[in-house]
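Colleague: Here's a structure for you.
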Amino acid sequence: MVKSVSVGLLGLGTVGSGVVKIIKNHQDKLMHQIGCPVEIKKVAVRDLSKKRDVILPRAVLTTHVEEVINDPDIDVVIEVMGGIEETRQHILQALKNGKHVVTANKDLMALYGTELLSVASEHGCDLFYEASVAGGIPILRSLVDGLASDRITKMMGIVNGTTNYILTKMSKFNRPYEEVLAEAQALGYAESDPSSDVEGLDAARKMAILARLGFSMHIDLQDVYVKGITGITEEDLNYSKRLGYTMKLIGIAHRDGDKVEVSVQPTLLPETHPLASVNDEYNAVYVYGEAVGETMFYGPGAGSLPTATSVVSDLVAVMKNMRLGVNGRSAVTPQYDKCLKDDSEIYSKYFLRIHVKDQVGAFAKITSLFSERGVSFEKILQLPLKQKDLAEIVLVTHQASLKDYRDVLQQLRDLEVVEEVKSSYRVEGEGAL
696 MVKSVSVGLL GLGTVGSGVV KIIKNHQDKL MHQIGCPVEI KKVAVRDLSK
746 KRDVILPRAV LTTHVEEVIN DPDIDVVIEV MGGIEETRQH ILQALKNGKH
796 VVTANKDLMA LYGTELLSVA SEHGCDLFYE ASVAGGIPIL RSLVDGLASD
846 RITKMMGIVN GTTNYILTKM SKFNRPYEEV LAEAQALGYA ESDPSSDVEG
896 LDAARKMAIL ARLGFSMHID LQDVYVKGIT GITEEDLNYS KRLGYTMKLI
946 GIAHRDGDKV EVSVQPTLLP ETHPLASVND EYNAVYVYGE AVGETMFYGP
996 GAGSLPTATS VVSDLVAVMK NMRLGVNGRS AVTPQYDKCL KDDSEIYSKY
1046 FLRIHVKDQV GAFAKITSLF SERGVSFEKI LQLPLKQKDL AEIVLVTHQA
1096 SLKDYRDVLQ QLRDLEVVEE VKSSYRVEGE GAL
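Adding 695 to a residue's 1-based position in the sequence shown gives its number in our numbering.
Structure below.
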C-alpha cells in the first residue's frame, strides 16, 4: 500500500474547515495527482467543545500546538490559525523539526516572510503561502511560475474584499460609509474592528508580498505608502462619476528601471479600466509584463472554500516535491537590492476638490500656483455652493511628480482665497504607464 502523507492543522476556523472538507471530498483527485492519500493526523484548536462545520474524530483534535509541530509522523503543517508573534514561533519550530509548512497568513508573511523562507531553505523544507494574497486567486504561483521568464513592471490590484464591498455599495447606491460598513459587518465581510481593512493595512501587507515576489526585491511593510477609505465621501464618489471615473482602494507596485514604488490608496480609475468593474467582495490583480503585456487575475478574495483551495493547492505542490525529492529548493533569494523611488520620481495624475472664496481672480491665483510647479489641468468643474460666498472647484491634473503635487497642496492650504482642501486622490489608468 502507498504510504499516505500525514498532515497537521493549526486552526479549524473558516479556512481550516474548508481545508478539511477539500481533503476529505477530493481524496480521489489528490490520489490521482500525487499517487498517495492524504491523512489529517492532528488538528490544534482553542476549544474542543466548539461546534464546527466539519466532523473529525475526537482523538484528532488537541488544544496543544506542540502535539502537531513536534509529532514525528506529521509531514506537513498547515497554519490557518492567524496571529503573528506566537504563530511565527510555531512555524519556526515546525520548520526546524523538518516539517513542510503551508500558511494563509499574510500578516506573518509580510512581516517575517524573508526570515521564514530562509529557515525553511536551511532545513530542506517547503514554505508555501499562496492563500495569503487574494484568497482563491492563484496570483503568487502565477508570478513565480507562470510569469517566471518575464520581467514584471507593474502590478495594480483590488486585494481587500471588505473595502471593495463598501466602495461598491457607496458608489452604486449613494449610501454613506458608516451605513455600508455596518452592513458589511452584519454579512461577515468586515470584522467588528474593521480598522485593518478600512485603513488599508491588510491590503498593504498583501502588496508587500506581491512586490517582493514580482520584483525579486526585499520590500518591507514600512516601504508601502498607505491611505485608507475612511475619509471618502459621497461627494467624492459623485464627482468621480461625473468625470468618468470609479473609486477603488488600489494597491500599486510599479518598477521603473531598478527603482520601485509600492502604495495602497483610494484611486480613481477610468470606467473603462478592467479593475473598475470588479465589484463587491471580489478581488483582482492586474499585472504588466515586458513580454506578456497586460494580464488580469480575478476571483473571490476570501471565504472558506476559495481560500482553502489555494491552501490545498500548496499542499499538492509540497507533496509533488516530496515525491521528486526537491523540497526546500523553491525559495529564491531576492535578485535585486532594495531601491525605492523618492517623491520626485513617482508620477501620476491627481483628483483634487477644493472650496474657494467666490471672488474675482480667485481661480487665476490657483492656476498660477499650479503653473509655477509645472502642474497642468486635464479636467475642471467649477460649481457654486449653497454658501453664496464660496465655490467648489473639482479638477484632475495631468501627470505630475508626487513632490510637485504635494508642494502645490501645501501652498494651496496657505492661499488666502482657498477656504478648504476637501479631498485629494490618485488617478490611474489612462497614460499612467
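Ideal Cβ placement from N, Cα and C applies to all residues, glycine included. All values reported here derive from a predicted model rather than from experimental measurement.
Does K1083 pass the burial test, meaning 16 or more other C-beta atoms within 10 Å, or should it be called exposed?
Modeller: That one is exposed.
Colleague: Using a Cβ distance threshold of 8 Å, determine whether the stretch 835 to 844 contacts the stretch 927 to 936, with at least three qualifying pairs required.
Modeller: Because the criterion of three Cβ pairs below 8 Å is not met, the stretch 835 to 844 and the stretch 927 to 936 do not touch.
Colleague: Could you tell me which of D1038, S958, E985, G994 sits nearest to N974, measuring between CA atoms?
Modeller: For N974, the nearest C-alpha among the options comes from G994.
Colleague: Using C-beta distances below 6 Å, list every residue in its chain close to M912, excluding the 5 sequence neighbours before and after it, in chain order.
Modeller: If we look at M912 and ignore the five residues flanking it on each side, its Cβ neighbours are P1029, Y1031, K1033.
Colleague: How far does the alpha helix (DSSP H) with P1001 in it reach, from first residue to last?
Modeller: Its alpha helix (DSSP H) spans residues 999 to 1019.
Colleague: What is the C-beta distance between T709 and S999, in whole angstroms, given that I count them as a contact (C-beta under 8 Å)?
Modeller: Contact flag correct, Cβ pair sits at about 5 Å.
Colleague: Any chance you could list the alpha helix (DSSP H) runs of at least 4 consecutive residues sitting entirely within the stretch 742 to 803, in chain order?
Modeller: As far as the stretch 742 to 803 is concerned, its whole alpha helix (DSSP H) runs of at least 4 residues are 761 to 764, 780 to 791.
Colleague: Should E761 go down as buried or exposed, given a rule of 16 or more other Cβ atoms within 10 Å for buried?
Modeller: E761 comes out exposed.
Colleague: Closer than 8 Å is the cut-off here; do at least three beta carbon pairs connect the stretch 845 to 856 with the stretch 977 to 989?
Modeller: Yes, the stretch 845 to 856 touches the stretch 977 to 989.
Colleague: For P1079, write down the residues that DSSP places opposite it in a beta bridge.
Modeller: Note: P1079 sits in a beta bridge opposite A1086.
Colleague: I'd like the list of long-range same chain contacts for A1127, defined as Cβ closer than 6 Å, with 5 residues on each side in sequence excluded.
Modeller: Since pLDDT at A1127 reaches only 40, below the 50 mark, its modelled position is unreliable, and the value read off the structure follows with that caveat. Hits under 6 Å: none found.
Colleague: Which one or two residues does DSSP pair with H653 in a beta bridge?
Modeller: Missing from the structure shown is residue 653; the chain here goes from 696 to 1128 and no further.
Colleague: Check this for me: beta carbons of K1044 and E1073, under 8 Å apart or not?
Modeller: Yes.
Colleague: If you check the beta carbons only, do A1003 and I717 fall under 8 Å apart?
Modeller: In this structure, I717 lies closer than 8 Å to A1003 by Cβ.
Colleague: For K943, does the three-state DSSP call read helix, strand or coil?
Modeller: In the structure shown, K943 sits in a strand (DSSP, three-state: E or B).
Colleague: Closest to Y872 by C-alpha separation, out of I750, V749, G926, would be which residue?
Modeller: Here the closest residue by C-alpha is G926.
Colleague: Could you tell me which residues DSSP puts in a beta bridge with E989?
Modeller: In DSSP, E989 forms a bridge with Y983.
Colleague: For the alpha helix (DSSP H) that A881 lies in, which residues bound it at each end?
Modeller: That run of the alpha helix (DSSP H) goes 872 to 881.
Colleague: With a CB to CB cut of under 6 Å and the five nearest residues on each side skipped, what residues in its chain are close to G946?
Modeller: So the list reads G852, V854, A898, M902, V959, once near-sequence residues are dropped.
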